[in-house]
Amino acid sequence: MVKIEYVLFDMDGLMIDSEKIYSDVTNAILSKYGKEMTWDMKAGCMGKPEREAALHLLSFFPDISLTLEEYLVERNRLQDEAWPTVPLLPGVEKLITYLKKHNIPIAVATGSRRRNYDMKTGHLGHVFGLFEGRVVCGDDDLAGVRGKPHPDIFLTAAALLGRGVGPIQSDRLSSDHVAERARGLVFEDGLPGMQAGKRAGMKVVWVPDSNLLDVAYDGEEIADQILKSIEDFVPEAWGLPPYDE
Numbered sequence: 011m012v013k014i015e016y017v018l019f020d021m022d023g024l025m026i027d028s029e030k031i032y033s034d035v036t037n038a039i040l041s042k043y044g045k046e047m048t049w050d051m052k053a054g055c056m057g058k059p060e061r062e063a064a065l066h067l068l069s070f071f072p073d074i075s076l077t078l079e080e081y082l083v084e085r086n087r088l089q090d091e092a093w094p095t096v097p098l099l100p101g102v103e104k105l106i107t108y109l110k111k112h113n114i115p116i117a118v119a120t121g122s123r124r125r126n127y128d129m130k131t132g133h134l135g136h137v138f139g140l141f142e143g144r145v146v147c148g149d150d151d152l153a154g155v156r157g158k159p160h161p162d163i164f165l166t167a168a169a170l171l172g173r174g175v176g177p178i179q180s181d182r183l184s185s186d187h188v189a190e191r192a193r194g195l196v197f198e199d200g201l202p203g204m205q206a207g208k209r210a211g212m213k214v215v216w217v218p219d220s221n222l223l224d225v226a227y228d229g230e231e232i233a234d235q236i237l238k239s240i241e242d243f244v245p246e247a248w249g250l251p252p253y254d255e
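My numbering puts the first residue of the sequence shown at 11, with every later residue one more than the last.
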């Protein structure tokens with residue numbers, strides 16, 4: 011197995027327990043119309059930029075009078091009240107602290123808007139501060155960068171770390187570019203994000219909610235490893251030093 015030299019992280023549902031807030035808020039809004047978001051619907055939203063995810067969700071409910079803008083305003087109002095309380099998920103602090111201690115480059119690649127990233131992580135600076143600003147958000151001013159499942163956001167994050175991964179949207183890659191991409195390890199919880207990591211030519215550790223395992227999937231991309239929790243990650247399996255006990 012290729013030795014991992016840098017690590018990229020999704021955020022929502024992977025590092026912080028925000029997916030429950032997304033689900034609770036969305037279903038609170040939909041319940042007014044007698045509707046509910048299922049995991050099949052949610053799976054297609056995960057990791058995507060805000061408006062794209064909302065359009066995907068509302069496409070399942072063409073018979074309700076809720077507009078995209080109305081949904082986003084109400085959803086953001088309810089979510090903003092909850093973000094400052096969102097907790098880290100198990101194993102995250104240990105892993106990030108370990109990677110930082112061993113000088114392994116790390117970055118965040120999230121579909122969240124920058125303002126939401128700040129709200130979700132402001133009270134978790136002891137962990138997110140270790141990324142030292144190496145964060146790519148879904149609404150950053152990056153010309154032509156597409157959302158997950160496209161690989162762009164992970165390639166952009168790798169470039170932010172100074173990795174020579176080559177052009178973002180090109181099939182013409184040198185052997186050096188291909189090799190450099192393969193040295194990256196992506197942690198994801200969403201299906202679109204898992205696909206994005208694999209399309210970027212990187213290794214992917216997929217840490218899905220158990221409900222996602224029951225969602226029909228016919229994509230070509232397969233995660234290199236599936237874990238129930240980041241707590242189960244074994245660094246030496248990826249050519250990394252073992253945890254310091």
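Glycine included, C-beta positions come from ideal geometry on N, C-alpha and C.
Every beta strand (DSSP E) stretch that sits fully inside the segment 13-69 and reaches 3 residues is listed by chain position as 16-19. Of the residues Val-215, Asp-22 and Lys-104, the one whose Cα lies closest to the Cα of His-136 is Lys-104. DSSP links Ile-236 through a beta bridge to Trp-216.
For Phe-164, the three-state secondary structure derived from DSSP is helix. Shown here for Ala-117: same chain residues with a beta carbon closer than 6 Å to its own, the five before and five after excluded, namely Leu-18, Arg-144, Ala-167, Leu-170 and Leu-171 in chain order. When the Cα atoms are used, Gly-148 and Pro-251 turn out to be separated by approximately 32 Å.
Secondary structure at Leu-250: coil, using DSSP grouped into helix, strand and coil. If you draw a straight line from the Cα of Glu-231 to the Cα of Val-196, it comes to about 14 Å.
Closest by C-alpha distance to Tyr-227, out of Ala-53, Lys-30 and Leu-183, is Ala-53.
Relative to Glu-91, the option among Pro-161, Ile-31 and Gly-211 whose CA is nearest is Ile-31.
Counting the other CB atoms within 10 Å of its CB gives Asp-199 a total of 16 or more, which places it among the buried residues. Your pair Val-155 and Ile-163 checks out as a contact, with CB atoms roughly 6 Å apart and the cut at 8 Å. Around the beta-carbon of Val-214, 16 or more other beta-carbon atoms lie within 10 Å, marking it buried. As the crow flies, the alpha-carbon of Pro-100 is around 23 Å from that of Val-146.
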